[in-house]
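Visitor:
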Amino acid sequence: MNHLNRLFSILAIASTITTSSIAADMPFKFTHSGNFKHMIYTGDDRGTIKLSEVPQQENTWGLGALAGRTGEIIQIDGKILVSPGSDLEGKILPHDPNEQAFLFASGQVSKWHDISLPVDMNQSQLEEFILKEAKRLGLSTEQPFVFRLQGKYPELRWHVVTGKKTQTMNEHTFSHAPHTKKHHVEKHIFNNLNAQGQLIGIYSGPQLESVVTHPNEYFHAHYVDDQAKISGHVEAYSVAKGTILKLPLE
């Protein structure tokens, strides 16, 4: 019995660690709350932090998803913007600061290094370019950091989760892993050609891969248009020549 009690205690502690807010000593005051992998394998998408409690100082940039996966979150220069899944057009709408996020990650950057993209790039090319430029600037790719893109996207597919659970696979189904069908929720999908606006992105580094990103991915990005009227989680994109990549300096 003592052995079982110890086992249950260990499991309880492990569960707490996977869902609690973590503010380790990371560069650019990078903080995060929640855990993708925990959600994938348990279906637990309960809130881990109130929106009013996330860092909202000037120069803070971030992204996340609402508790219950009922909407998407983007943070622009400290301001929290929410696109609820109840809206069919991905609009940014007023939110209750007491709402919670099941996942949120952000960093504070006071100075950026701007790089004009020399050619059109698809998503994988852009991600390789980000890593190459980060290393050139002396950024550690072992640590997480935020980045931004400002410009034009010849192809852009993004979504807003609705929170509605589904057991079936179809074009409206949201999934983080093919073997976790019971944990899908529906989403509104948007395909925009020649979209203009900004991507706020998170590079996870090895230690936060599958925590702040989907499993086996190191990048997580949300889109917001230039008028800050629509926003959501980016699924796939290409980037036009001349788009500005912003990497953190301090």
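The end of the sequence shown is residue 252 by my numbering, with every number in the run present. For every residue, glycine included, the Cβ atom is placed at its ideal position computed from N, Cα and C.
Rounded C-beta distance between Arg150 and Phe104? I'm assuming under 8 Å.
Guide: Start at 1 with the first residue of the sequence shown, and residue 150 comes out as number 148. Start at 1 with the first residue of the sequence shown, and residue 104 comes out as number 102. That belief does not hold up - the Cβ atoms of Arg150 and Phe104 are roughly 24 Å apart, past 8 Å.
Visitor: Return the first residue and the last residue of the alpha helix (DSSP H) that Thr71 is part of.
Guide: Taking the sequence shown and counting its residues from 1, one reaches residue 71 at position 69. The amino acid occupying residue 71 in the given sequence is Arg; Thr does not appear at that position. Unbroken run through Arg71: none, as it is neither H nor E.
Visitor: Looking at the ligand FMN, does it come within less than 7 Å of Ala103, judged from the CB to the closest heavy atom?
Guide: Only the bare structure without any ligand can be found here, which leaves the ligand FMN out of the picture.
Visitor: Among Thr245, Val56, Phe38, which one has its Cα closest to the Cα of Arg48?
Guide: Residue 48 sits at position 46 when you count from the first residue of the sequence shown. Ranking the options by Cα distance to Arg48, first place goes to Phe38.
Visitor: For Val236, which of helix, strand or coil comes out of DSSP?
Guide: Walking along the sequence shown from the start, residue 236 turns up at place 234. Looking at Val236 - three-state DSSP - the assignment turns out to be strand.
Visitor: Just reading off the beta strand (DSSP E) that Lys134 is part of, what are its end residues?
Guide: Working through the sequence shown from its first residue, we reach residue 134 at position 132. First-last for Lys134: 125-138, but that is the alpha helix (DSSP H), not the beta strand (DSSP E).
Visitor: Of the choices Phe192, Ser142, Met41, whose alpha-carbon is the least far from that of Ser212?
Guide: To locate residue 212, count along the sequence shown from 1; it is residue 210. Residue Met41 is the option with its Cα nearest to Ser212.
Visitor: Nearest-angstrom Cα distance between Phe192 and Ser88?
Guide: The residue labelled residue 192 in the question sits at position 190 within the sequence shown. The residue labelled residue 88 in the question sits at position 86 within the sequence shown. So the two alpha carbons sit approximately 15 Å from each other.
Visitor: So, is Ser85 buried or exposed, given that buried needs 16 or more other C-beta atoms within 10 angstroms?
Guide: The count along the sequence shown starts at 1 and reaches residue 85 at position 83. Buried, because 16 or more other Cβ atoms sit within 10 Å of the Cβ of Ser85.
Visitor: Are the stretch 152-172 and the stretch 56-73 touching by the rule of at least three beta carbon pairs closer than 8 Å?
Guide: Touching, per the Cβ criterion.
Visitor: Sort Phe32, Arg159, Gly80, Gln127 by Cα distance to Ala197 and report the nearest one.
Guide: Translated into positions along the sequence shown, residue 197 becomes position 195. Ala197 has its Cα closest to that of Arg159, out of Phe32, Arg159, Gly80, Gln127.
Visitor: Are Ile76 and Val226 close, meaning C-beta to C-beta below 8 Å?
Guide: Start at 1 with the first residue of the sequence shown, and residue 76 comes out as number 74. Start at 1 with the first residue of the sequence shown, and residue 226 comes out as number 224. Result yes, Cβ atoms of Ile76 and Val226 sit closer than 8 Å.
Visitor: Tell me the DSSP secondary structure of Pro57 in three-state form.
Guide: Translated into positions along the sequence shown, residue 57 becomes position 55. In the structure shown, Pro57 sits in coil (DSSP, three-state: anything other than H, G, I, E or B).
Visitor: Going by the beta-carbon positions, is the gap between Thr143 and Gly207 smaller than 8 Å?
Guide: Position 141 of the sequence shown, counted from the start, is the residue given in the question as residue 143. Position 205 of the sequence shown, counted from the start, is the residue given in the question as residue 207. Contact: yes.
Visitor: Mind checking whether Glu252 and Lys113 have CB atoms under 8 Å apart?
Guide: Looking up residue 252 in the sequence shown gives position 250. Looking up residue 113 in the sequence shown gives position 111. Yes.
Visitor: Under 8 Å: do the stretch 226-244 and the stretch 119-136 share three or more Cβ pairs, one atom per stretch?
Guide: At 8 Å Cβ cutoff, the stretches touch.
Visitor: Using the C-alpha atoms, what's the distance from Ala242 back to Ser35?
Guide: Start at 1 with the first residue of the sequence shown, and residue 35 comes out as number 33. Start at 1 with the first residue of the sequence shown, and residue 242 comes out as number 240. Cα to Cα, the separation comes out at about 33 Å.
Visitor: If you draw a straight line from the C-alpha of Glu74 to the C-alpha of Gly66, how long is it?
Guide: Residue numbering aside, residue 74 sits at position 72 when the sequence shown is read from its first letter. Residue numbering aside, residue 66 sits at position 64 when the sequence shown is read from its first letter. Their Cα atoms are separated by approximately 6 Å.
Visitor: Which of the three DSSP states, helix, strand or coil, is assigned to Gln145?
Guide: In the sequence shown, counting from the first residue as 1, residue 145 sits at position 143. Three-state DSSP puts Gln145 in coil, outside helix and strand.
Visitor: Out of curiosity, what's the CA-to-CA distance linking Gly80 and Thr215?
Guide: For this step, residue 80 is matched to residue 78 along the sequence shown. For this step, residue 215 is matched to residue 213 along the sequence shown. Gly80 and Thr215: Cα-Cα distance of roughly 21 Å.
Visitor: In whole angstroms, what is the alpha-carbon distance linking Phe147 and Pro250?
Guide: Within the sequence shown, residue 147 is the residue found at index 145, counting from 1. Within the sequence shown, residue 250 is the residue found at index 248, counting from 1. Approximately 8 Å between the Cα atoms of the pair.
Visitor: Indicate whether Gln102 and Ile82 have their beta-carbon atoms separated by less than 8 Å.
Guide: Numbered from its first residue, the sequence shown carries residue 102 at position 100. Numbered from its first residue, the sequence shown carries residue 82 at position 80. Cβ atoms of Gln102 and Ile82: not closer than 8 Å.
Visitor: Going by the CB atoms, is the gap between Leu53 and His97 shorter than 8 Å?
Guide: Against the sequence shown, residue 97 aligns to sequence position 95. Against the sequence shown, residue 53 aligns to sequence position 51. In contact: His97 and Leu53 (Cβ atoms closer than 8 Å).
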